[in-house]
Structures are given as structure tokens and as C-alpha cells.
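Worksheet for the structure shown next.
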Amino acid sequence: MAAYAGVDLGATNVRAVVGDESGRELGSDAGETPRGPNGIAVTEAVLDTLRGACEDADVAPGSIEAAGIGSIGPLDLAGGAVDNPANLPDTIDRIPLTGPVGELIDSDRVYLHNDTTAGVIGERYFSDRNPDDMVYLTISSGIGAGICVDGDILAGWDGNAGEVGHMTIDPTGLMTCGCGAEGHWEAYCSGNNIPRYATALHREDPVPTELPVDDGDFGAADVFAAAKRGDEFAEYVIEQVGHLNAIGVANIVNSYAPLVVYVGGAVALNNPDEVLEPIREQIPPMLMANLPDIKLTQLGDDVVVMGALASGITGGTGER
1336 MAAYAGVDLG
1346 ATNVRAVVGD
1356 ESGRELGSDA
1366 GETPRGPNGI
1376 AVTEAVLDTL
1386 RGACEDADVA
1396 PGSIEAAGIG
1406 SIGPLDLAGG
1416 AVDNPANLPD
1426 TIDRIPLTGP
1436 VGELIDSDRV
1446 YLHNDTTAGV
1456 IGERYFSDRN
1466 PDDMVYLTIS
1476 SGIGAGICVD
1486 GDILAGWDGN
1496 AGEVGHMTID
1506 PTGLMTCGCG
1516 AEGHWEAYCS
1526 GNNIPRYATA
1536 LHREDPVPTE
1546 LPVDDGDFGA
1556 ADVFAAAKRG
1566 DEFAEYVIEQ
1576 VGHLNAIGVA
1586 NIVNSYAPLV
1596 VYVGGAVALN
1606 NPDEVLEPIR
1616 EQIPPMLMAN
1626 LPDIKLTQLG
1636 DDVVVMGALA
1646 SGITGGTGER
């Protein structure tokens, strides 16, 4: 029986799975992403997690046929590494991945992708609907997309295509993105920034609300929860976020013409109706041509690691 592996390297956790040629999971392991002292420590954590998944599957690492990796970025695709990851301490400047993983499994068939690209590979491989034109969009601590056009997974020359969270959706520039630019989608609608956006809106119109906007000690989950309880200001914030999400998705659809957009990430998975319904309702008049299905990911929190496994099985394409 042939065995394959998938690795999800995130800013918080490292996960690995081992599966057979059909994508059936045989074993898994997970651990925390080291905060230092350097990138090699993160590489070692990836290798240890992969060894653990192999042990859980009762498969020797050297018998793994191929592996996929879905990772935080930015990537150096040619070098098979992460370069100066934005969400890890500055002491972690470079994380070698494809070389060390290839040595562990004794194979040069190691495919590296950013996490959202791994996501679209997973959706393409595992979902009932398997079109050649599709997008996986994550709305989580950040916003990004994996894109498949005419059956080709878009990587970009450096492996960092799909940074749609840095589209400008507000030319007034009310909010400044973590990258330093103004008006980016991620600055308004990501899990990290919804509370900041709520505070900025309340500053413009200080209406009564149960949210502690004065001290800023609240998160995106608190905004959604307050809106569900009928807090009018929180409802307004979620309405604005929904409208901006619709603009962002419309930009993606007009650019790449997908037949389906799968949406994942913690913000969407925890609030599917509040996130997906405004997009479905508002994008039709924003589109030039096709109206895609807007669907919640069918792989849940496993979309990246299972996408990485699918990449290993399919040589990076996700094509069944």
C-alpha cells in the first residue's frame, strides 16, 4: 500500500497526516510551532510531527511516496523554504522545508504551497464537485485565497499568489493594514481586525453598545456574539463587514471566473450564516459574468493539512 504525507505549518501549530492513495487518513500528529530560537527549530518541529504521524500510521518515514506542505509565508518556492515569516519572531528568518522533509521520507517528491493554495488543492481533490475553476478563500486571522484556473493551481513566481487580503476595498483608507498600506480587505474583515474596525466605527458614531469599545478588550467572536444577541451597533459592524466581504469576493470572481468559491477560516467556520449570506445576497450586481456557488469548506479546520496530503498524492495539482 502506497502512503503519502501532508504537513500544515501554521504560526501557532504544526500538523501532519499520513494517508493512502485514496486520501484516507492513516495517522496524524500535531504540536505547537516553536517561537524560536531560529528557523531550524521550526524545521525540526515539522520533522518531529511528521515522524509522529508516521508512527501513528505504523508507516516508516522512508516508505512515504510523496509529501505536500501547506505553510505560512512568505515562501521562497525555489529554495523550498519560508523566508522571514510575518507571524513569527524576528529571530526566525528562514525555515527550510522541502529539503529536510525530502531527506526524512527519502523522496524528492515534496510539494510546497502557501496555506490557502494547499486549501484549494484539498477542496479540488476531496469535494464532491471538482471543477477546473475554483477558489478557496480563508477568512481567519488574515484573509487569503487559493486559486485554480483551467485546472492549473496558481502559485505565482515566488509561491505567494493569492494574497487577496491585500486588495484595496476602501479607497478612503479608514483602516491601516498590518502590512502598512491603507484600505486593504484584511484590515477590516479579518479576525484580528474586526475589533479594530468596530472601534473605529464607534469613534465616528458613539452609539450605546455592550461591546467594551472604550478599552478595546474584545475580539471578533465578541462582535458576532453581540450581533446575534441584537446589539444594534454590533449588527451594524457585521453588516459593514459583510458588505466589504462581498466586494472582495466579487473582485476575485471577476478576476478568475470560478464556478465555486469555498470559504473557510475561523471567522467563517464559527459564523457561517453571518459571513456567507451577505456575500451570496450582495455580489450578483457586482459581477460582470458568472455567479459562482459560495459554499462553506467541506474540510473544516483540516482543509490545509488534507490539502497538503492531496498535493502529495496528485503531484501538487489536486486533480482526481
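Mapped onto our numbering, the consecutive letters of the sequence shown carry residue numbers 1336 to 1655.
All C-beta atoms, glycine included, are put in the ideal place defined by N, C-alpha and C.
Small disclaimer: the values here were computed from a predicted structure and weren't measured.
Gly-1366 and Glu-1539 have their alpha carbons spaced roughly 43 Å apart. In terms of Cα proximity to Leu-1509, the closest of Ala-1535, Lys-1563 and Ala-1490 is Ala-1535. Of the candidates Gly-1486, Leu-1604 and Gly-1358, the residue whose Cα lies closest to the Cα of Pro-1466 is Gly-1486.
Taking the CA atoms as reference points, Ala-1555 sits about 42 Å from Ala-1395. Taking 8 Å as the cut-off, the beta carbon of Val-1417 is found no closer than this to the beta carbon of Val-1381. Every alpha helix (DSSP H) stretch that sits fully inside the segment 1591-1651 and reaches 4 residues is listed by chain position as 1601-1605, 1607-1617 and 1638-1649. Between the segment 1592-1612 and the segment 1466-1486, the count of Cβ pairs shorter than 8 Å is three or higher; the stretches touch. Contact between Gly-1374 and Pro-1431 holds, since their C-beta atoms are separated by about 7 Å, short of 8 Å.
With distances taken between CA atoms, Gly-1437 lies nearest to Gly-1414 out of Asp-1425, Gly-1414 and Arg-1459.
When secondary structure is reduced to three states using DSSP, Gly-1583 falls in the helix class. Looking at the DSSP output, Leu-1447 sits in a beta bridge with Ile-1404. Glu-1367 is bridged by DSSP to Asn-1348. Ranking Arg-1350, Gly-1565, Tyr-1571 and Arg-1531 by CA distance to the CA of Asp-1549 puts Arg-1531 first. Spanning the alpha carbons of Arg-1464 and Val-1595 requires a straight line of approximately 9 Å. Runs of alpha helix (DSSP H) with 4 or more residues, each lying fully within the segment 1453-1537, are found at 1521-1524, listed in chain order. Residue pairing by DSSP puts Leu-1410 in a beta bridge opposite Val-1417. Sequence-distant Cβ neighbours of Glu-1570 in its own chain, meaning closer than 7 Å and more than five residues away, are Ala-1562. Two segments are said to touch when three or more pairs of C-beta atoms, one from each, lie closer than 8 Å; by this definition the segment 1566-1580 touches the segment 1609-1621. DSSP places Pro-1431 within a strand segment (E or B) once states are collapsed to three. In the structure shown, the three-state DSSP call for Ala-1395 is coil. By alpha-carbon distance to Ala-1592, the top candidate from Met-1623, Ala-1490 and Asp-1505 is Met-1623. Per DSSP, the continuous alpha helix (DSSP H) segment holding Phe-1559 begins and ends at 1555-1563.
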